[in-house]
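What follows is a set of notes on a single structure, which appears directly below.
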Amino acid sequence: MGKISVKLRGKKAAIERELTDFCKKYNFPIKDVQFSFEGLKSELQLELAQNIKKSVVTKYVLGAFCADTQWQFYHFSKLQKWEGIYLNKDFFVVLAKFRSDFEKINYFEWIKYLESINKEEDSYMLASKLDRSTERENLDSYRKALFEFGQTTCFYCGKKLSENAVDHFIPWSFVKDDKLWNFVLACPSCNSKKSDKLATQAFLSNIRLRNEKLAQMNHPLVKKEFKTYSFTKLSLMYSNAIFNGFQSGWSPEKILPLKSS
Ligand SMILES: [Zn+2]
Numbered sequence: 019m020g021k022i023s024v025k026l027r028g029k030k031a032a033i034e035r036e037l038t039d040f041c042k043k044y045n046f047p048i049k050d051v052q053f054s055f056e057g058l059k060s061e062l063q064l065e066l067a068q069n070i071k072k073s074v075v076t077k078y079v080l081g082a083f084c085a086d087t088q089w090q091f092y093h094f095s096k097l098q099k100w101e102g103i104y105l106n107k108d109f110f111v112v113l114a115k116f117r118s119d120f121e122k123i124n125y126f127e128w129i130k131y132l133e134s135i136n137k138e139e140d141s142y143m144l145a146s147k148l149d150r151s152t153e154r155e156n157l158d159s160y161r162k163a164l165f166e167f168g169q170t171t172c173f174y175c176g177k178k179l180s181e182n183a184v185d186h187f188i189p190w191s192f193v194k195d196d197k198l199w200n201f202v203l204a205c206p207s208c209n210s211k212k213s214d215k216l217a218t219q220a221f222l223s224n225i226r227l228r229n230e231k232l233a234q235m236n237h238p239l240v241k242k243e244f245k246t247y248s249f250t251k252l253s254l255m256y257s258n259a260i261f262n263g264f265q266s267g268w269s270p271e272k273i274l275p276l277k278s279s
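Numbering (my numbering), first residue to last: 19 to 279.
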């Protein structure tokens, strides 16, 4: 929870009221209080967490959410043609918006479980193993194809590629899929610095042009991978990733000017 500060002004939110009541009860100075949650004695930590859960989270957060959705998070399809589950719109928005947080909670529970049944040495780096568990290992075919198709400079900084790394333009952790139209070649430095971020809008325009050229290649891999491609879809994925909390606006510090080829 880290540092907790209470600012006293106007009408207070429920959580502010809870914190000031807590301070009053234990004689902490009330004016613009700052204290560290971790610095509290464990009984006090527990008391504060329980108070907040009871009076704030249950009543206002879950309460408001359940009221908005009328407690109906999903229903089953009534149509004969298609059997499935329909998610309530508000529920869906919450799931989408906090997707990466839900994923982390999920991983955390998985880690706790796996650690309980595995030997200590197998449990090492479990978080990163789980995070990448569904990632396809071999991206060599994509790397080779892009290089053959004439991408010989880093997509981001323009440096001539000696060793090239294949980069998911929209982070793999968001799309969870490997498609040629989402791959670019990047130098090791850009590849590691960009990591799970999204590049700036300018690069979105660049990948649009790159894909237009690529789509015209007469090559089995391109034909297969571009069957369902459209720039609208790529662009929608890009904004959805931002909506889902992925950091955007990444750009290398230095970009070499494009050489006419
Ligand atoms: Zn680069």
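Built from N, CA and C at the ideal position, the CB exists for glycine as well.
Item                                                                                                 : Value
Cβ contact (3+ pairs, closer than 8 Å) linking the segment 63-81 and the segment 225-241             : no
Bridge partners - Ala32, DSSP secondary structure assignment                                         : In DSSP, Ala32 forms no bridge with anything.
Contact set for Leu62: own chain, Cβ-Cβ below 8 Å, skip 5 residues either direction                  : Tyr44
Ser207 Cβ short of 7 Å to ligand 1 heavy atom set                                                    : yes
As assigned by DSSP and simplified to three states, the class of Lys241                              : helix
Nearest-angstrom Cα separation, counted from Met255 out to Cys84                                     : 29 Å
Euclidean distance between Cα positions of Pro47 and Glu34                                           : 14 Å
Asp214 versus Ser248, Lys194, Lys251, Ala233, residue with shortest Cα-Cα distance                   : Lys194
Check: Lys177 C-beta below 7 Å from any heavy atom of ligand 1                                       : yes
Selection from Tyr160, Val74, Ser180 that minimises the alpha carbon distance to Lys197              : Tyr160
Nearest-angstrom beta carbon gap, Phe167 and Leu105 [assumed within contact, 8 Å]                    : The pair is not a contact, with the Cβ atoms about 40 Å apart (cut-off 8 Å).
Sub-8 Å separation of Ala217 and Tyr174 beta-carbons                                                 : yes
Residue span of the alpha helix (DSSP H) that contains Asp158, given as start and end                : 158-166
Candidates Ser54, Lys177, Leu113, Leu157, of which the one nearest Lys272 by Cα                      : Lys177
Alpha-carbon to alpha-carbon, Lys212 and Ala183                                                      : 12 Å
Bridge partners - Tyr92, DSSP secondary structure assignment                                         : Leu105
Candidates Lys130, Glu36, Lys42, of which the one nearest Asn69 by Cα                                : Glu36
Counted within 10 angstroms of its Cβ, other Cβ atoms place Thr171 as buried (16 or more) or exposed : buried
Straight-line gap, Lys241 to Cys208 (C-alpha atoms, nearest Å)                                       : 28 Å
Ala204 CB to nearest heavy atom of ligand 1 below 7 Å                                                : yes
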